[in-house]
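Worksheet: the structure to be examined is printed underneath.
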Amino acid sequence: MENELEHLNWNIQHALKQLEGPLAEELKLFHDVSPASPQSSVVVYQKLLDTVQALDKLLVTLTPPHMLLVDGIFAAAFTNSKVLLCASEHRLADHVQNLQPCSISELANAAGLYEQGLSQIIRYLREMGYFYQDPVTRKLSNNRLSNLLRKDHWGTWINWVDFFPREYYDLLSHLPTQLKSDQPKTATELFYNTDKPIYQFLAETGRAEGFHRVTGTGSVVEAPGLLADYPWDDVKGETVVDIGAGVGDFIRTYLEKFPDATAAAFELPSTAEILQQRFPPNDTLAKRVVSITGGDFFKDPLPQSSVYLLRWILHNWGDEDCVKLLRRIRDTITIKPGVSRVLIVESVVFDGRLGRGARYADIRMLARCRNKERTLDEYRTLAEDAGWRLNKIVSPRGCLTQILELRPVGACAVFRNGNGSSNGNNVGPEWESELM
1 MENELEHLNW
11 NIQHALKQLE
21 GPLAEELKLF
31 HDVSPASPQS
41 SVVVYQKLLD
51 TVQALDKLLV
61 TLTPPHMLLV
71 DGIFAAAFTN
81 SKVLLCASEH
91 RLADHVQNLQ
101 PCSISELANA
111 AGLYEQGLSQ
121 IIRYLREMGY
131 FYQDPVTRKL
141 SNNRLSNLLR
151 KDHWGTWINW
161 VDFFPREYYD
171 LLSHLPTQLK
181 SDQPKTATEL
191 FYNTDKPIYQ
201 FLAETGRAEG
211 FHRVTGTGSV
221 VEAPGLLADY
231 PWDDVKGETV
241 VDIGAGVGDF
251 IRTYLEKFPD
261 ATAAAFELPS
271 TAEILQQRFP
281 PNDTLAKRVV
291 SITGGDFFKD
301 PLPQSSVYLL
311 RWILHNWGDE
321 DCVKLLRRIR
331 DTITIKPGVS
341 RVLIVESVVF
351 DGRLGRGARY
361 ADIRMLARCR
371 NKERTLDEYR
381 TLAEDAGWRL
391 NKIVSPRGCL
401 TQILELRPVG
411 ACAVFRNGNG
421 SSNGNNVGPE
431 WESELM
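In full-length UniProt numbering, the protein residues as written are 1 to 436.
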């Protein structure tokens, strides 16, 4: 045991020296998935993810149980989110960007905070990986993680930090009550003391704008990976119909990326009005938005096309409703062999570190609308029950989601593995199925 741990520690220290030294710039290329970032190797990125997965399992295996328990009580669900909220609310990364390098005292003066309290917050943030502090001068600068907290960061992650640690944090206190077998309300309904469907309540109380801002951030930060790592050339010349398009962030980035592409949007009537405003007649992109339709996707006619996109939609609904929606699309879709498909973009529940984001979202969906994120097998079952087959799964770089490509049964070619053999009705191992 002792020899094994010494060997392990030596290898970890060696790897850290390499990754923080001569390989630091190369590593940065794989972390920086942005509209302006250069294309990095998909193969190496997958090895990076495999390493993260293995190290996380190793960490859980080695950490004493009482330390894991304390982390569970105080860390992600209690202290981390509130410390990040302090950094966000007081715009610490923005002040550091203007002053860097700067002392704690200089930062406190700029932010209007008292120095002792700020030093404790910074110490906690530093342990989480935010900010660089010079070991000699003790002055602060931004690093790759604290840069995400800047208001001018292209990904607008600050919207998530401003949103989730507030009301979302508070409403989760009702989750134990929701779990009772005789409790009909969700934690969200209990928190807001409402009987109305959550999205109707958000709209009527003026909270919808903040919600759309958060979902818009998800669209913006994931767009580079989604657009780079899925083979959109396969649907070149087809109109992509975004069902539940939100306020159109993905459609906009899709049309900007592909100058010859066309798209259509389907949303609730109130959100469709916002979409119309975002694509006014004088907007050059508006000419390639074939239609913006308001309605109920369970009842009203859907726009007809050969390609449909469902992004962060199915996790809002139970299995029966998901099958109903997928069947409606199956009945509407224009069949073009080798082309027709529906793309589901969701956080698939996997084990280990790579599935952590999906498990966070799974509990949020439970508390919000008594629904869930799903495993790959659960999505496969939904697809088959609705007349589709799961043809491919893609994990785009820089994304918290996967793209599940469904093909209409009887209208698609069997997906082939790299060796040319058929995988029958199944996708291969979870992290080896056309992953990017």
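From the three backbone atoms N, C-alpha and C, an ideal C-beta is built for every residue, glycine too. Note that the structure is a prediction, hence the values are computed from the model and not measured.
Please list the terminal residues of the continuous beta strand (DSSP E) segment that includes V289.
That run of the beta strand (DSSP E) goes V289 to G294.
Check whether the stretch 295-307 and the stretch 253-267 touch, using three or more Cβ-Cβ pairs below 8 Å as the test.
Touching, yes.
Please classify V427 as buried or exposed, where buried requires at least 16 other C-beta atoms within 10 Å of its C-beta.
Note that V427 has pLDDT 37, beneath the 50 cutoff, so the model's placement of it is unreliable and the number below is only indicative. Answer is buried; the Cβ neighbour count reaches 16.
Taking the continuous alpha helix (DSSP H) assigned at D242, which residues delimit it?
Segment T239 to I243 is the beta strand (DSSP E) holding D242; no alpha helix (DSSP H) there.
Have a look at the DSSP bridge pairing and note the partners of G267.
The sequence shown places Glu at residue 267, rather than the Gly named in the question. Paired residue(s): G294.
Buried or exposed for A413, please, with buried defined as at least 16 other CB atoms from any protein chain shown within 10 angstroms of its CB.
Caution is warranted here: a pLDDT of 41 is assigned to A413, below 50, making its placement in the model unreliable, and the coordinate value is therefore given only provisionally. Answer is exposed; the Cβ neighbour count stays below 16.
Assuming F163 contacts G210 (C-beta within less than 8 Å), just tell me the rounded distance between them.
About 6 Å separates the two Cβ atoms, so the contact holds.
Spatial neighbours of K57 within its chain, please: CB distance less than 7 Å, with the 5 preceding and 5 following residues excluded, ordered by chain position.
Hits under 7 Å: G352.
For D234, which of A111, K299, K336 and R166 has the nearest alpha-carbon?
The shortest Cα separation from D234 among A111, K299, K336 and R166 belongs to K336.
Classify N371 as buried or exposed, calling it buried when 16 or more other Cβ atoms lie within 10 Å of its own Cβ.
Flag for N371 reads buried.
Let me check one thing: in DSSP terms, what residues is W388 bridge-paired to?
Bridge partners of W388: P408.
Quick check on I121: does DSSP put it in helix, strand or coil?
Here I121 sits in helix by DSSP.
What are the residues that DSSP puts in a beta bridge with A402?
The question names Ala, but residue 402 in the sequence shown is Gln. The partner list for Q402 (beta bridge, DSSP) reads E346.
Helix, strand or coil for F415, going by three-state DSSP, please let me know.
Because the pLDDT at F415 is just 37, under 50, the model does not fix this residue reliably, and the value given afterwards should be weighed accordingly. Reduced to three states, the DSSP call for F415 is coil.
Thinking V348 and Y308 are a contact (beta carbons under 8 Å), I'd like their distance in whole angstroms, please.
With 8 Å as the limit, V348 and Y308 do not qualify as a contact, their Cβ atoms being about 19 Å apart.
Report yes if the C-beta distance between I313 and P408 is below 8 Å; otherwise report no.
No, Cβ-Cβ distance for I313 and P408 is not below 8 Å.
Compute the distance between the beta-carbons of G387 and R327, then report whether it is under 8 Å.
Taking 8 Å as the Cβ cut-off, G387 and R327 qualify as a contacting pair.
Once the 5 residues before and after G244 are set aside, which same chain residues still bring their CB inside 8 Å of it?
The answer, listed in chain order, is F266, E267, F297, L310, R311, W312 and I313.
Pick from W232, T253 and D242: whose alpha carbon is nearest that of E222?
Checked all of W232, T253 and D242; the closest Cα to E222 is T253.
Would you call L171 buried or exposed, if buried means 16 or more other Cβ atoms sit within 10 Å of its Cβ?
With 16 or more other Cβ atoms within 10 Å, it is buried.
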